Amino acid sequence: MKKIMVLLMIALVVGSFAFAQGAKDDGRPMTLKMGHIRDTGHPTHKGAELFAKLVEERTDGRIKVQVFANSQLGGIQEMFTQIKTDDLDLVYGGINTLAFISGGEALEITAIPFLYRDYEHMRACLLSDEFAPTLKKAEEATGLKILNIAGDTAPRGLTANRKITVPNDFKGLKIRTAASDTVVRTMKKLGALPQQIAFADLWMALKTNVVDAQENGAITVNNASLFEVQSHYMRTDYIRDIETFYMSPKLYANLSESDRAILLQASEEAGALVSELTAKSLETVYQELSQRMAIVEEPELRLDLFRTELEGLFSDWDGTRWPKGMLEIFAGK
């Protein structure tokens, strides 16, 4: 059954994103540069390495992929710019981040709190026939080609120096958030004071009480040693993300159909590895964090009250940022 689902997903990706024309393979070797923001121990990097390995093997060494980890080539937005200026070929990063740049505003729907039940649900929504035209418009507007949406990430939680269990606990909380309109609006609705701080400066900002809290997944919290400056981790799992293979539209247009298929299949297998490693990592990380922080979960953590508090918060974006009715379609899948 899983194999059938994978094949269906691949068919959806091809049907939704493939360009009509493809250049014939002229046999010339090429080396592609791919960047991401994760450290070399992160599941995303392992997936990127597998992608590079599979592409090289399946093209008999004709296409090589160099992987640049840990923001060596800059942050996500900087790397997006490099793709558009033909200085970078591929980026492997979250689908949420496409909403950070002009033309990608519709992708704010990927960060709606509590909308997606799990990875499979979210991926099915984003690769659905209903959402395909929205993705195509975003590609055209941003100048970024989406090769595939594949690879689970740790859902976002919350850390603070006190227990937070109900919406009222957010009142006056100075919280560092992602540069997302959705997240900022969510935090303001809950009464928090969202602030943008570079991730590289986050540990010190928490240490010196510039901010009181932050929202990231457990793997990031553990890898960045945020447990040293925060005492509680709330497993809200309120926003999900999926790692996405972005690439140069010009490069994609110049690939043969067979090479496109090779890159797509490699991305599918790489994404499956990322999902597997993420699940394993989360099991280990929660055990480790429980020795270093207080882990707050349901039923003590009243997620039902948060869902009620945030109900209808983004209804004004339905029909403006994305096609009307899309939230209802996604919720019903």
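According to our numbering, the residues represented by the sequence shown are 2 to 334, in order. We treat Cβ as the ideally placed atom computed from N, Cα and C, and that holds for glycine. Predicted model, so just to flag it, every value in this text is computed and none were measured.
query                                                                                                                                                                                  : result
Alpha carbon to alpha carbon, how far is Ala100 from Lys138? Give it in angstroms, no decimals.                                                                                        : 13 angstroms
Given Ile96, which residues of its chain have a CB within under 7 angstroms of its CB, disregarding the five upstream and five downstream residues?                                    : Leu108, Thr111, Leu127, Ile150, Asp242, Ile243 and Thr245
Return helix, strand or coil for Ile240, following the three-state DSSP convention.                                                                                                    : coil
Within the same chain, show all residues whose beta-carbon is closer than 8 angstroms to that of Glu57, passing over the 5 residues directly before and after it, in chain order.      : Ile64, Lys65 and Val66
Could you give the first and the last residue of the continuous beta strand (DSSP E) run that contains Gly272?                                                                         : Unbroken run through Gly272 is the alpha helix (DSSP H), Glu258 to Ser291; no beta strand (DSSP E).
Look at Gln83 and Gly75 and say whether their C-beta atoms are less than 9 angstroms apart.                                                                                            : yes
According to the neighbour-count rule (16 or more other Cβ atoms, all chains shown, within 10 Å of its Cβ), is Pro156 buried or exposed?                                               : buried
For the candidate residues Ser226, Met294, Leu174 and Asn210, whose alpha-carbon lies nearest to that of Arg236?                                                                       : Met294
Compute the Euclidean distance between the alpha carbons of Glu329 and Asp305, then round it to the nearest angstrom.                                                                  : 19 angstroms
Leaving aside the five residues before and after Ser249 along the sequence, list all residues of the same chain whose C-beta is less than 6 angstroms from its C-beta, in chain order. : Ile84 and Asp90
Between the alpha carbons of Gly23 and Asp153, how many angstroms are there, rounded?                                                                                                  : Per-residue confidence for Gly23 stands at a pLDDT of 37, beneath the threshold of 50, marking its modelled position as unreliable; the derived number appears in the next sentence. Rounded to whole angstroms, Gly23 to Asp153 spans 30 angstroms at the Cα level.
Assess, as a yes-or-no matter, whether the stretch 171–191 is touched by the stretch 307–318 under the definition of 3 or more beta carbon pairs within less than 8 angstroms.         : yes
According to DSSP, is Asp182 helix, strand or coil?                                                                                                                                    : helix
Does the distance from the C-beta atom of Leu203 to that of Leu227 stay below 9 angstroms?                                                                                             : yes
Just checking my contact of Ala49 with Met35 at CB under 8 angstroms: how many whole Å lie between their CB atoms?                                                                     : 6 angstroms
Take Ala267 as the anchor and find which of Phe52, Met327, Pro114 and Leu283 has the nearest alpha-carbon.                                                                             : Phe52
Whole angstroms are fine: how far does the CA of Asn255 sit from the CA of Asp26?                                                                                                      : For Asp26, the predicted model reports a pLDDT of 49, less than 50, meaning its position is unreliable; a value from the coordinates is still stated below. Distance between the alpha carbons of Asp26 and Asn255: 8 angstroms.
Going by DSSP, what residues sit across from Met31 in a beta bridge?                                                                                                                   : Ile64
Report yes if the C-beta distance between Trp318 and Thr135 is below 9 angstroms; otherwise report no.                                                                                 : no
Just curious, the alpha helix (DSSP H) that Arg177 is in, first and last residue?                                                                                                      : Looking at the DSSP string, Arg177 is not in any alpha helix (DSSP H); the run it does join, the beta strand (DSSP E), is Lys175 to Arg177.
When we look at the beta-carbon of Gln231 and count the other beta-carbons within 10 Å, is it buried (16 or more) or exposed?                                                          : buried
Could you work out which residue in Arg303, Met123 and Lys47 is closest to Ala70 when comparing CA atoms only?                                                                         : Lys47
Got a sec, what are the start and stop residues for the alpha helix (DSSP H) His122 sits in?                                                                                           : Tyr120 to Leu127
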